[in-house]
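Chemist:
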Amino acid sequence: MRHLKRDSTAQRVLSFQIVLFVSALSAGALPLSWPERAVCASLPSPATTQTFPQPAAWPVITRAGLISRDPLGPGVQYERWTLATTAGPLALSIATIDLRNPYVSFKVATQGDRVMGRGEKLSSMADRVQAELGINADYFDINETGAPLNAVVEEGTLVHNADAAAAVAIDRNNNVVFGPLRTSVEVVAANGAVRSISSLNEWSAATPLTVLNDQLGSTHGLGGAEVIVGPGDASGAFTVRSVVGGLSDLLPLRAGELALAGHGEEAQALLRDFAVGDTVAVTFNVRSALNDVFNAVGGGPLLMQDGKTVNDANAPSADETNVRNPVTAAGVSADGNRLWLVVVDGRAPGYSVGLTRPQLASLLQALGARDGIAFDSGGSSEMVVRDEGELSVRVAGSPSDGRERAVADGLFVVNSAPPSEASRLILRADYGAVLIGSHLTLRARAIDAHDQPVDISADPVEFHVSPERAGSVDRSRAFSAQSPGMVSISVEGAGARGLLQVDVVPSVDTLAIGGWQDPVPAGGRRTLTVRAFSGGLEAAVDSSAIRWSSRGQGGRVFSDGTFTAGAGAAKTVVSARVGERQVFATVLSGEHETQLAAQLGSGSGPRQWHFLGRPASLPGSVDNVSAPDASQALRLSYDFSGSAGVRAAYAESKWTLCGQPLGVAIDVYGDSNGEWLRGGYRNADGNNESVTIARHIDWQGWRRLRVPIPKQAAWPIVWTRLYVVERSGTASERGSIWLRNFTAFYPGPAQGDPCGAPARTPM
Numbered sequence: 001m002r003h004l005k006r007d008s009t010a011q012r013v014l015s016f017q018i019v020l021f022v023s024a025l026s027a028g029a030l031p032l033s034w035p036e037r038a039v040c041a042s043l044p045s046p047a048t049t050q051t052f053p054q055p056a057a058w059p060v061i062t063r064a065g066l067i068s069r070d071p072l073g074p075g076v077q078y079e080r081w082t083l084a085t086t087a088g089p090l091a092l093s094i095a096t097i098d099l100r101n102p103y104v105s106f107k108v109a110t111q112g113d114r115v116m117g118r119g120e121k122l123s124s125m126a127d128r129v130q131a132e133l134g135i136n137a138d139y140f141d142i143n144e145t146g147a148p149l150n151a152v153v154e155e156g157t158l159v160h161n162a163d164a165a166a167a168v169a170i171d172r173n174n175n176v177v178f179g180p181l182r183t184s185v186e187v188v189a190a191n192g193a194v195r196s197i198s199s200l201n202e203w204s205a206a207t208p209l210t211v212l213n214d215q216l217g218s219t220h221g222l223g224g225a226e227v228i229v230g231p232g233d234a235s236g237a238f239t240v241r242s243v244v245g246g247l248s249d250l251l252p253l254r255a256g257e258l259a260l261a262g263h264g265e266e267a268q269a270l271l272r273d274f275a276v277g278d279t280v281a282v283t284f285n286v287r288s289a290l291n292d293v294f295n296a297v298g299g300g301p302l303l304m305q306d307g308k309t310v311n312d313a314n315a316p317s318a319d320e321t322n323v324r325n326p327v328t329a330a331g332v333s334a335d336g337n338r339l340w341l342v343v344v345d346g347r348a349p350g351y352s353v354g355l356t357r358p359q360l361a362s363l364l365q366a367l368g369a370r371d372g373i374a375f376d377s378g379g380s381s382e383m384v385v386r387d388e389g390e391l392s393v394r395v396a397g398s399p400s401d402g403r404e405r406a407v408a409d410g411l412f413v414v415n416s417a418p419p420s421e422a423s424r425l426i427l428r429a430d431y432g433a434v435l436i437g438s439h440l441t442l443r444a445r446a447i448d449a450h451d452q453p454v455d456i457s458a459d460p461v462e463f464h465v466s467p468e469r470a471g472s473v474d475r476s477r478a479f480s481a482q483s484p485g486m487v488s489i490s491v492e493g494a495g496a497r498g499l500l501q502v503d504v505v506p507s508v509d510t511l512a513i514g515g516w517q518d519p520v521p522a523g524g525r526r527t528l529t530v531r532a533f534s535g536g537l538e539a540a541v542d543s544s545a546i547r548w549s550s551r552g553q554g555g556r557v558f559s560d561g562t563f564t565a566g567a568g569a570a571k572t573v574v575s576a577r578v579g580e581r582q583v584f585a586t587v588l589s590g591e592h593e594t595q596l597a598a599q600l601g602s603g604s605g606p607r608q609w610h611f612l613g614r615p616a617s618l619p620g621s622v623d624n625v626s627a628p629d630a631s632q633a634l635r636l637s638y639d640f641s642g643s644a645g646v647r648a649a650y651a652e653s654k655w656t657l658c659g660q661p662l663g664v665a666i667d668v669y670g671d672s673n674g675e676w677l678r679g680g681y682r683n684a685d686g687n688n689e690s691v692t693i694a695r696h697i698d699w700q701g702w703r704r705l706r707v708p709i710p711k712q713a714a715w716p717i718v719w720t721r722l723y724v725v726e727r728s729g730t731a732s733e734r735g736s737i738w739l740r741n742f743t744a745f746y747p748g749p750a751q752g753d754p755c756g757a758p759a760r761t762p763m
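Here the sequence shown stands for residues 1 to 763, where the numbers follow this note's numbering.
1. Which residue from Gln599, Ala255, Gly402, Thr720 puts its Cα closest to that of Asn683?
2. Measuring CB atoms only, is the region 410-426 touching the region 469-484, in the sense that at least three cross pairs come out at less than 8 Å?
3. Between the region 108-126 and the region 72-92, do at least 3 Cβ pairs fall closer than 8 Å?
4. Is the beta carbon of Ala417 less than 8 Å from the beta carbon of Gln452?
5. With a threshold of 8 Å between beta-carbons, can Pro326 be considered close to chain C, or not?
6. What do you get for Lys308, buried or exposed, if any count of 16 or more other CB atoms within 10 angstroms of its CB means buried?
7. Grouping DSSP H, G and I as helix and E and B as strand, with all else coil, what is Gly514?
8. Just confirm the distance between the C-beta atoms of Leu251 and Glu226, as a whole number of angstroms; I'd bet it's less than 8 Å.
9. Cβ atoms of Gln305 and Ala57: under 8 Å apart, would you say?
10. Out of Val187, Ala396, Val244, Ala731, which has the shortest C-alpha to C-alpha gap to His263?
11. Please state the DSSP three-state secondary structure of Ala318.
12. Could you tell me the alpha carbon to alpha carbon distance between Thr743 and Arg525, rounded to whole angstroms?
13. Which value, in whole angstroms, describes the spacing of the CA atoms of Arg607 and Glu154?
14. Could you please give me the residues that DSSP links to Val463 through a beta bridge?
15. Please list, in chain order, all residues of the same chain as Tyr681 whose beta carbon is under 7 Å from its beta carbon, the five residues on each side excluded.
16. Counting along the chain, where does the beta strand (DSSP E) carrying Arg833 start and finish?
17. Residues in its own chain within less than 7 Å of Pro754 by CB, not counting five upstream and five downstream?
18. According to DSSP, Pro71 sits in a beta bridge with which residue or residues?
19. Which one or two residues does DSSP pair with Glu593 in a beta bridge?
20. Ignore the nearest five residues each way along the sequence and tell me which others in Val293's own chain have a CB closer than 7 Å to its CB.
21. For Ala369, collect the residues of the same chain with a Cβ closer than 7 Å to its Cβ; drop the 5 residues on either side in sequence, then sort them by chain order.
22. Please name the residue, chosen from Asp70, Ala64, Ser476, that lies closest to Thr86 on a Cα-to-Cα basis.
23. For Pro764, does the three-state DSSP call read helix, strand or coil?
24. Rounded to the nearest angstrom, how far is the Cβ of Ala540 from that of Leu440, given a contact under 8 Å?
25. Using the rule of at least 16 other Cβ atoms within 10 Å of the residue's Cβ for burial, across every protein chain shown, is Glu265 buried or exposed?
26. To which residues of the same chain is Gly566 closer than 6 Å at the C-beta, ignoring the five residues directly before and after it?
27. Let me check understanding here. Comparing Cα to Cα, which of Ala433, Ser438, Arg445 lies closest to Ser423?
28. Do the CB positions of Val282 and Val187 come within less than 8 Å of each other?
29. Leaving out five residues on either side along the sequence, give the residues of the same chain with a beta carbon under 8 Å from the beta carbon of Thr529.
30. Using the C-alpha atoms, what's the distance from Ile373 back to Arg464?
31. May I ask you to report which of helix, strand or coil DSSP gives Ser507?
32. Locate the alpha helix (DSSP H) running through Asp474, then write down its first and last residues.
33. Could you give the C-beta distance for Glu726 and Phe640, rounded to a whole number, given that I count them as a contact under 8 Å?
34. Taking only the alpha-carbon atoms, compute the straight-line gap between Ala714 and Ser352 and give it to the nearest angstrom.
35. By how many angstroms is the C-alpha of Ile197 removed from the C-alpha of Arg338?
36. If I follow the unbroken beta strand (DSSP E) through Asp409, where does it start and stop?
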């Protein structure tokens with residue numbers, strides 16, 4: 001029986017599965033090598049060496065480590081891998097799903113069960129639909145409505161219309177196909193007027209006519225008209241309940257109701273053709289390679305068809321095809337019996353560099369897929385898994401934003417077996433070893449005969465330790481280690497039993513301090529932690545067994561690991577001792593500023609600035625005309641009056657930022673027009689990123705602005721642009737801003753030229 005007995009190798013895999021997860025979320029990177037400022041031995045490898053298939057279009061894999069291989073439920077297996085390649089490290093999650101297992105089902109979920117909104121974390125969606133596995137899915141309108149861009153079908157109900165991009169479609173028998181969908185809604189009025197409507201739950205000034213249901217979410221009515229029809233019968237006949245024009249906001253809908261909404265000429269037509277009490281026929285059409293689409297969600301591009309890679313003409317964000325990114329994908333086998341869901345982390349050079357789309361296709365091919373599709377990538381890429389017995393999911397890997405991004409929708413795998421009584425207990429701990437004299441917290445979980453989790457939080461359980469002299473388990477379910485050696489801890493309750501083996505170690509051989517990597521603000525506090533290892537296993541160590549000390553005038557570390565920084569920029573060496581082992585790390589506190597350019601010059605030469613417009617015909621300029629107060633500065637002029645849509649005026653240059661600055665600062669003379677002020681840089685991996693400097697330029701005169709550089713930046717970075725953006729499609733401002741005194745700020749005290757200093761390596 002799985003999880004009832006573990007040998008030392010299996011226990012090692014479990015322990016380091018948890019180590020990787022914590023490290024990736026907190027530090028953003030695995031410790032492939034230690035920084036020169038941290039004096040400690042290399043960490044034991046968290047993975048067992050395994051063979052991974054070499055994809056044809058990949059750099060050569062030089063080492064493959066299997067972090068974990070765990071069943072999540074009937075027909076669903078999850079694997080976590082770390083790979084060393086000649087182009088950099090990769091960290092990836094792979095789920096293999098048996099599509100013919102009768103207890104494998106799928107669900108599509110949208111943000112809060114709405115189409116429009118501010119997004120929802122994938123883990124929240126997964127727990128809401130009681131999923132054992134989930135991935136992010138469609139691209140979405142990240143700046144405005146938050147709505148997915150492509151089709152959404154939830155258990156036979158069309159929720160959002162399709163666009164030209166590819167989607168994944170699944171029928172009631174778990175047949176899976178990838179490709180574009182065609183969706184429409186046909187409405188026949190009582191007077192015989194027929195409308196074939198392509199928009200469903202999509203409403204904007206660019207959408208003159210749409211069909212809505214109760215999943216749209218609240219939005220402005222655009223002065224249009226709305227026809228609400230009551231719940232229909234099996235034949236698709238609906239009764240008109242209300243007809244309203246001149247709406248400031250769309251009317252809320254109840255479950256089962258539909259609405260036709262239009263503005264402009266379409267609003268007038270609705271008011272003419274529909275009346276309260278009319279019977280209306282409504283037909284929803286979803287066309288794909290499947291006869292009966294039960295679940296569908298958008299994505300793209302197509303990566304493979306019939307075993308061959310393809311160049312999808314309707315690829316979303318086609319300019320990202322050959323850019324390494326965090327990526328999400330799905331692949332299906334030639335016989336249609338197996339589905340792979342894959343997420344590869346990226347944008348973290350010391351941890352995972354990501355994949356290009358051709359490389360992602362090659363990965364699916366190497367796994368055995370015949371057809372493949374990608375989904376939204378970058379900061380949206382994520383997989384969540386629910387370990388056996390757990391009632392909620394966890395994030396499998398490290399999203400590149402350093403946290404879960406709120407997304408529009410997701411694709412989820414659900415265990416559809418009927419729940420029953422507990423048949424097996426699973427005993428878990430965060431560590432495979434514990435230092436003698438310390439404590440290890442235990443977690444008892446239960447599953448039934450079909451791997452459904454069973455809540456036993458209210459059930460009494462009884463623990464037994466063998467040999468008895470090795471320790472005991474207290475009422476808080478903490479094991480107290482008293483004698484060295486391998487220990488078997490068993491748990492009984494709810495009519496089931498579980499077993500866990502733990503190594504009680506007399507000492508530790510490796511230590512690592514955590515929390516020192518990020519600088520501490522002057523006068524601020526930071527909690528430092530210690531990870532301890534013995535014989536390759538991470539060991540639980542009580543905080544009382546750790547002896548902290550510090551030297552230097554920059555701050556002080558207390559007995560609980562809390563570091564308090566002094567008032568100025570400084571560096572402090574802290575140490576932690578457990579028994580005879582000691583480790584050191586340097587904590588930087590405060591910051592110093594380095595001048596990049598007091599005056600920014602216009603031109604096309606090195607470190608000079610020139611103008612670029614979006615669209616390309618946008619009027620504007622970059623020059624060195626003095627500011628209104630007669631001070632010297634770089635002027636960026638723009639004219640948004642002659643075009644519509646999103647417009648931007650760029651001052652472009654190339655400034656390599658040496659070392660790893662915390663951020664940049666610049667003086668900006670504002671024109672109070674309210675435009676969005678942004679900056680941009682290019683990562684070492686070639687990816688371009690943008691950051692917000694000011695949401696609105698709503699001031700007149702000089703203002704000093706600072707912007708932090710995201711932690712996931714791939715160093716060294718090149719600062720490439722400063723620009724103003726007009727997001728409103730109707731605004732028509734024209735104006736100028738002036739820029740001067742461009743600086744970078746670094747952690748700790750000045751230590752010479754940052755261009756000659758080694759980069760700080762994350763741990």
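Even glycine gets a Cβ: it sits at the ideal position worked out from N, Cα and C.
Modeler: According to the structure shown:
1. If you number the sequence shown from 1, residue 683 lands on position 683. Answer by Cα proximity: Thr720.
2. no
3. no
4. The residue given as residue 417 occupies position 417 in the sequence shown. The residue given as residue 452 occupies position 452 in the sequence shown. Yes. Within cutoff.
5. Judged by its chain identifiers, the structure shown contains no chain C, having just a single protein chain.
6. Position 308 of the sequence shown, counted from the first residue, corresponds to residue 308. So Lys308 ends up on the exposed side.
7. Translated into positions along the sequence shown, residue 514 becomes position 514. Correct three-state label for Gly514: strand.
8. As a working note, residue 251 is residue 251 in the sequence shown. As a working note, residue 226 is residue 226 in the sequence shown. Contact between Leu251 and Glu226 is confirmed by a C-beta separation of about 6 Å, below the 8 Å threshold.
9. As a working mapping, residue 57 is identified with position 57 in the sequence shown. As a working mapping, residue 305 is identified with position 305 in the sequence shown. No, these two residues do not count as a Cβ contact at 8 Å.
10. Within the sequence shown, residue 263 is the residue found at index 263, counting from 1. Answer by Cα proximity: Val244.
11. Within the sequence shown, numbered from 1, the residue matching residue 318 stands at position 318. Correct three-state label for Ala318: helix.
12. The residue given as residue 743 occupies position 743 in the sequence shown. The residue given as residue 525 occupies position 525 in the sequence shown. One C-alpha to the other measures close to 26 Å.
13. Within the sequence shown, the letter at position 607 stands for residue 607. Within the sequence shown, the letter at position 154 stands for residue 154. So the two alpha carbons sit approximately 53 Å from each other.
14. In the sequence shown, the residue the question calls residue 463 occupies position 463. Note on identity: in this sequence residue 463 is Phe, with Val being the wrong assignment. Val491.
15. Reading the sequence shown from its first residue, position 681 is the one you call residue 681. By the criterion of a C-beta distance shorter than 7 Å, Tyr681 is surrounded in its chain by Glu689, Ile717, Val718, Trp719, Thr720, once the five residues flanking it on both sides are discounted.
16. The first residue shown for the chain is 1 and the last is 763, placing residue 833 beyond what the model contains.
17. Position 754 of the sequence shown holds residue 754. Correct list, in chain order: Thr594, Cys658, Gly659, Tyr746.
18. Numbered from its first residue, the sequence shown carries residue 71 at position 71. Looking at the DSSP assignment, Pro71 forms a beta bridge with Gln77.
19. Counted from its first residue, the sequence shown places residue 593 at position 593. Partner(s): Phe745.
20. Stepping through the sequence shown from its first residue, residue 293 is reached at position 293. Shown here for Val293: same chain residues with a beta carbon closer than 7 Å to its own, the five before and five after excluded, namely Val153, Ala169, Asp171, Val286 in chain order.
21. Counting from 1 along the sequence shown, the entry for residue 369 is found at position 369. Counting only Cβ-Cβ distances below 7 Å, and skipping sequence neighbours, we find Met304, Gly331, Val332, Ser333, Trp340.
22. Taking the sequence shown and counting its residues from 1, one reaches residue 86 at position 86. Comparing C-alpha distances from Thr86 to each of Asp70, Ala64, Ser476 shows the shortest one belongs to Ala64.
23. Beyond the ends of the chain as shown, which are 1 and 763, falls residue 764; an answer cannot be given.
24. Working through the sequence shown from its first residue, we reach residue 540 at position 540. Working through the sequence shown from its first residue, we reach residue 440 at position 440. With a Cβ gap of about 5 Å, Ala540 and Leu440 count as contacting.
25. Taking the first residue of the sequence shown as 1, we reach residue 265 at position 265. With fewer than 16 other Cβ atoms within 10 Å, it is exposed.
26. What you label residue 566 is simply residue 566 of the sequence shown in a count that begins at 1. These residues qualify, in order along the chain: Gly554, Gly555.
27. Along the sequence shown, one-based indexing puts residue 423 at 423. The option with the nearest alpha carbon to Ser423 is Arg445.
28. Within the sequence shown, residue 282 is the residue found at index 282, counting from 1. Within the sequence shown, residue 187 is the residue found at index 187, counting from 1. A contact, by the Cβ cut-off of 8 Å.
29. Reading the sequence shown from its first residue, position 529 is the one you call residue 529. Excluding residues within five positions, the ones whose Cβ falls inside 8 Å are Ile513, Gly514, Gly515, Gly561.
30. Translated into positions along the sequence shown, residue 464 becomes position 464. Translated into positions along the sequence shown, residue 373 becomes position 373. Contrary to the premise, residue 464 reads as His rather than Arg in this sequence. Rounded to whole angstroms, the gap between the alpha carbons of His464 and Ile373 is 50 Å.
31. In the sequence shown, the residue the question calls residue 507 occupies position 507. Three-state DSSP puts Ser507 in coil, outside helix and strand.
32. Here residue 474 corresponds to residue number 474 of the sequence shown, with the count starting at 1. Unbroken run through Asp474: none, as it is neither H nor E.
33. Mapped onto the sequence shown, residue 726 falls at position 726. Mapped onto the sequence shown, residue 640 falls at position 640. The distance from the Cβ of Glu726 to that of Phe640 is about 5 Å, consistent with a contact at the 8 Å cut-off.
34. Locating residue 714 in the sequence shown gives position 714, counting from the first residue. Locating residue 352 in the sequence shown gives position 352, counting from the first residue. Those two C-alpha atoms are separated by around 11 Å.
35. Taking the first residue of the sequence shown as 1, we reach residue 338 at position 338. Taking the first residue of the sequence shown as 1, we reach residue 197 at position 197. If you take the alpha carbons of Arg338 and Ile197, they lie about 36 Å apart.
36. Position 409 of the sequence shown, counted from the first residue, corresponds to residue 409. That run of the beta strand (DSSP E) goes 409-415.
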